[in-house]
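Chemist: In this note's numbering, the protein residues as written are 38 to 309.
For every residue, glycine included, the Cβ atom is placed at its ideal position computed from N, Cα and C.
I am attaching a structure below and will ask some questions about it afterwards.
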């Protein structure tokens, strides 16, 4: 009887542990919602394409040459919130209408919140070069930071590892690692002037300038060069400030100095 009672206690304890393990995740409900949405999208892809012709064909013909779309840009943000948990909560509220593929916490923990092949809502109204639908061609990475503090060593180490995998997996060009402020001049300022863009460039994610012995031709049009790099220069003041936030964060003016011209001249040769 004692053995039987002990066995029953073990069963009850084990069941309790299972229940705790299943219910301990505070995002169990939103994770279920995620799976439901993915299932619905999968069903849409499985559907036979509808005919779109003045003369409908007698039968459907599906090509055998295709694969999944893949990201071609990486957009880096800071969360502008006070904690990683707060950002996770925001991205799991339907009413927020914002999301990202990855969130990197201050301790370096990486939350992969959305499959890379799916479209996150992180860029908003944005443009880089001729691309005006950044969300459809990019991976969004949010770094836990309020916009005033330095980024932690653990965060940058995790980011570099993540960028390495993304670049390898999707063959993302070096020039296509950019910031939210780059694609939304005047509207966004993340990932802030404290972000180590030069360190990223030294590791192959984005470019950096070298003005050593640079001679800028008199005819050089710096604003036109910013457009070639990718900036939307419709608002020239915003474009210059966005450029400086990335490449010269100590200078918040909208004036293009001689040194800035050298920087832009060197960079445009890499980006074009």
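Excluding the five sequence neighbours on either side, which residues of its own chain have a C-beta within less than 8 angstroms of the C-beta of residue 136, listed in chain order?
Modeler: Within the same chain, residue 136 has close Cβ partners 128, 150, 151, 157, 158, 159, 177.
Chemist: Quick check on the DSSP output: the beta strand (DSSP E) that includes residue 16 runs from which residue to which?
Modeler: The question about residue 16 has no answer here: the residues shown for the chain are numbered 38 through 309.
Chemist: Does DSSP put residue 111 in a helix, a strand or coil?
Modeler: If DSSP states are grouped into helix, strand and coil, residue 111 belongs with the strands.
Chemist: Name the DSSP bridge partner or partners of residue 245?
Modeler: BP columns for residue 245 are empty, so no partner.
Chemist: Per DSSP, what are the beta-bridge partners of residue 158 in this structure?
Modeler: Answer is none; residue 158 lacks a bridge partner.
Chemist: Identify the continuous beta strand (DSSP E) that holds residue 265 and give its terminal residues.
Modeler: That residue, residue 265, is in no beta strand (DSSP E); its alpha helix (DSSP H) goes 259-266.
Chemist: When you compare each of 290, 164, 296, 276 to residue 249 by their alpha carbons, which one comes out closest?
Modeler: Taking residue 249 as reference, the option from 290, 164, 296, 276 with the minimal CA-CA separation is 296.
Chemist: Residue 214 bridges to which residues according to DSSP?
Modeler: 111
Chemist: Write down the C-beta distance between residue 298 and residue 222 rounded to the nearest angstrom, noting that I regard them as a contact closer than 8 angstroms.
Modeler: Not a contact, Cβ separation roughly 19 angstroms.
Chemist: Taking the Cβ atom as the reference point for each residue, do residue 270 and residue 291 lie within a distance shorter than 8 angstroms?
Modeler: No. Outside cutoff.
Chemist: Which class does residue 138 belong to by DSSP, given the choice of helix, strand or coil?
Modeler: coil
Chemist: Of the residues 229, 138, 146, 261, which one's Cα is nearest the Cα of residue 153?
Modeler: 138
Chemist: On the premise that residue 268 lies in contact with residue 108, defined as a C-beta separation below 8 angstroms, what is that separation, rounded to the nearest angstrom?
Modeler: With a Cβ gap of about 21 angstroms, residue 108 and residue 268 do not count as contacting.
Chemist: How big is the Cα-Cα spacing for residue 62 and residue 185?
Modeler: 31 angstroms
Chemist: Reducing DSSP to helix, strand and coil, say where residue 98 ends up.
Modeler: coil
Chemist: Applying the criterion that 16 or more other CB atoms from any shown protein chain within 10 Å of the CB defines a buried residue, is residue 216 buried or exposed?
Modeler: buried
Chemist: Hey, how far is the Cα of residue 237 from the Cα of residue 86?
Modeler: 42 angstroms
Chemist: Between which two residues does the beta strand (DSSP E) containing residue 149 stretch?
Modeler: 147-149
Chemist: On the three-pair Cβ rule with 8 angstroms, is the stretch 254-262 touching the stretch 229-246?
Modeler: no
Chemist: For residue 293 and residue 195, what's the separation of their Cα atoms in angstroms?
Modeler: Annotation: residue 293 to residue 195 spans about 34 angstroms, alpha carbon to alpha carbon.
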